[in-house]
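Residue numbers (the working numbering), protein chains in the order written: chain A, 4 to 222; chain B, 107 to 332.
See structure below.
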């Protein structure tokens, strides 16, 4: 074995890593933080480049703003009113939460860029749609349920809130969609999904099973 | 070309009392080998050169530690993008990673077997090509892990929100440190006999742990997807 062979192996790995790093930097510009949330690993983002680069001609955006990364929150009831949806986008990185306040809920992550929403979640959950003119519309599939939605932009204190906590060694994730003072929320804990306790809005706290939950706004 | 690895043949006597750690690593996921006494015990008997041997270990191990710590610090400081490039042809970026990791783990088992053959631990089955197989399967396995790790590091960072994720994050940092240390130590002559088995075992154990905490978890939660 040549003495330099292991070093070359390391350098090859470093080279591949460097190429990917540069590519990543280009893909995710400006690399702004999505909220550090529990679903980060499950819901890896969809590729940004194809979604954002392709249909710039079709939309009304001027060429300079072809890749338009939006910061906005849309929330409301899905068509038919069985559940609520909130989509919070920050610089093009989007987190969505669908919840019926009882048993159905799902977190999704992805992109909101160039007028298009593309998010995915656990177990093949998906949300696709479009946004613009203060509205977001599209369809969302969570578990066995699929709904369409057409919801409007909301501003604080309306929006999407999320709390993660460790209650008696079990991870508990709570989500709340707040629209005009009305809340829909659920807590996913060791015993499955349950209705969320009331989220106190100024303090963003709630009590679940005797333990405190502290929520953060995702919008 | 294929027989001149720096392993056991160069130092048959010194490997004798040191076999236990080799056997231990072969039994797979025992915790990264904190080898029982050997570093100091035999070293004490071989007075003069022994200190030199341990010193030779120092720099590569420090560099490896530096790699681990740097990865961890970067993963913590860099705000996770949630997005990173991935390979086409799979249903999701996670599926890409999961299958690359499976490939790496498969090759890691080739690594284990070929290492056992090199160290004549397979009941006399020690073909001349074992060394070549070991080197190339290792290189390939390492290169397969790089895109996975870059995606983890860039899109997710070092996260701590659940035990699985914490363990995965820490093992990921440890893996590249241990691998770096092993690569830097490979060409060195006159190392203590346990060095390569212990480091190889650490790398193997870390990779297995990484795979269990990611791919296996992914299949368990999402089913087998491509």
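Just so you know, even glycine gets a beta-carbon here, dropped at the ideal spot from N, CA and C.
On a predicted model such as this, the values are computed, not experimentally measured, just so you know.
Cutoff 7 Å: residue i Cβ touching any chain B Cβ
i                     : result
residue 193 (chain A) : no
residue 53 (chain A)  : Note that residue 53 (chain A) scores a pLDDT of 37, beneath 50, so its modelled location is shaky and nothing firm can be said.
residue 27 (chain A)  : yes
residue 38 (chain A)  : Confidence at residue 38 (chain A) is low in this model, with a pLDDT of 39, below 50, so its placement is unreliable and the value that follows should be read with caution. Not closer than 7 Å to any Cβ of chain B, the Cβ of residue 38 (chain A) fails to qualify, so no.
residue 230 (chain A) : Outside the modelled stretch of chain A, which goes from 4 to 222, sits residue 230 (chain A), for which no answer is possible.
residue 129 (chain A) : no
residue 216 (chain A) : no
residue 56 (chain A)  : Note that residue 56 (chain A) scores 36 on pLDDT, short of 50, meaning its location in the model is unreliable; the coordinates nonetheless yield the value given after this. With 7 Å as the cut-off, residue 56 (chain A) does not count as an interface residue toward chain B.
residue 63 (chain A)  : Confidence is the limiting factor: at residue 63 (chain A) the pLDDT is only 39, short of 50, which leaves the residue's position unreliable, though a coordinate-based value still follows. Chain B, which has no Cβ nearer than 7 Å to the Cβ of residue 63 (chain A), makes this no.
CB contact check: residue i to chain A, cutoff 7 Å
i                     : result
residue 281 (chain B) : no
residue 180 (chain B) : no
residue 293 (chain B) : yes
residue 252 (chain B) : yes
residue 256 (chain B) : yes
Partners in chain A for residue i, counting only beta-carbon separations shorter than 9 Å
i                     : result
residue 249 (chain B) : 12, 15, 16, 19
Chain B residues whose Cβ lies nearer than 8 Å to that of residue i
i                     : result
residue 140 (chain A) : Under the 8 Å cutoff, chain B gives no residues; its nearest Cβ is about 23 Å from residue 140 (chain A).
residue 6 (chain A)   : 293
Chain A contact residues for residue i, given Cβ-Cβ distances below 7 Å
i                     : result
residue 245 (chain B) : 12
Inter-residue spacing [alpha-carbon to alpha-carbon] between residue i and residue j
i                     : j                     : result
residue 214 (chain B) : residue 98 (chain A)  : 37 Å
residue 115 (chain A) : residue 74 (chain A)  : 9 Å
residue 153 (chain A) : residue 214 (chain A) : 35 Å
residue 286 (chain B) : residue 233 (chain B) : 27 Å
residue 29 (chain A)  : residue 211 (chain B) : 30 Å
residue 209 (chain A) : residue 130 (chain A) : 28 Å
residue 119 (chain A) : residue 181 (chain A) : 23 Å
residue 192 (chain A) : residue 269 (chain B) : 15 Å
residue 235 (chain B) : residue 282 (chain B) : 26 Å
residue 284 (chain B) : residue 309 (chain B) : 6 Å
residue 247 (chain B) : residue 124 (chain A) : 29 Å
residue 173 (chain B) : residue 110 (chain A) : 34 Å
residue 20 (chain A)  : residue 253 (chain B) : 7 Å
residue 11 (chain A)  : residue 290 (chain B) : 10 Å
residue 179 (chain A) : residue 171 (chain B) : 43 Å
residue 275 (chain B) : residue 260 (chain B) : 12 Å
residue 162 (chain B) : residue 18 (chain A)  : 27 Å
residue 122 (chain A) : residue 112 (chain A) : 5 Å
residue 318 (chain B) : residue 202 (chain B) : 16 Å
residue 209 (chain B) : residue 251 (chain B) : 9 Å
residue 78 (chain A)  : residue 26 (chain A)  : 33 Å
residue 220 (chain B) : residue 95 (chain A)  : 48 Å
residue 255 (chain B) : residue 168 (chain B) : 21 Å
residue 222 (chain B) : residue 89 (chain A)  : 55 Å
residue 72 (chain A)  : residue 93 (chain A)  : 8 Å
Closer than 8 Å at the beta carbon, the chain A residues around residue i
i                     : result
residue 289 (chain B) : 9, 10, 12, 13
residue 341 (chain B) : A query on residue 341 (chain B) cannot be resolved here, the shown segment of chain B reaching from 107 to 332 and no further.
Contact set for residue i: own chain, Cβ-Cβ below 7 Å, skip 5 residues either direction
i                     : result
residue 324 (chain B) : 200, 204
residue 272 (chain B) : 266
residue 217 (chain B) : 240, 243, 244, 247, 310
residue 212 (chain A) : 170
residue 132 (chain A) : 120, 139, 140, 141, 142
Under 9 Å by beta carbon: chain B residues contacting residue i
i                    : result
residue 24 (chain A) : 256, 259, 260
Close beta carbons around residue i, own chain, < 6 Å, minus the five adjacent residues each side
i                     : result
residue 151 (chain A) : 82, 142
residue 182 (chain B) : 264
residue 145 (chain A) : 101, 109, 128
residue 204 (chain A) : 160
residue 178 (chain B) : 264, 279
residue 76 (chain A)  : 91, 157, 162, 222
residue 315 (chain B) : 277
The ligand ZN heavy atom lying under 6 Å from the CB of residue i
i                     : result
residue 207 (chain A) : As far as ligands go, the structure on display features none, and thus does not contain the ligand ZN.
C-beta neighbour in chain C for residue i, strict 7 Å
i                     : result
residue 153 (chain A) : This model lacks chain C altogether, as its protein chains are A and B.
Sequence-distant residues of the same chain with beta carbon closer than 8 Å to residue i, five excluded per side
i                     : result
residue 198 (chain A) : 104, 105, 188, 189, 190
residue 305 (chain B) : 284, 287, 288, 291
### Query
Does the pairing of the segment 203 to 220 of chain A with the segment 165 to 174 of chain A give three or more beta-carbon distances under 8 Å?
Segments in contact, yes.
### Query
Would the segment 259 to 277 of chain B and the segment 228 to 238 of chain B be scored as touching if the rule is three or more Cβ pairs under 8 Å?
Short answer: they don't touch.
### Query
Does the segment 174 to 183 of chain A come close enough to the segment 139 to 152 of chain A to have 3 or more Cβ pairs within less than 8 Å?
Touching, no.
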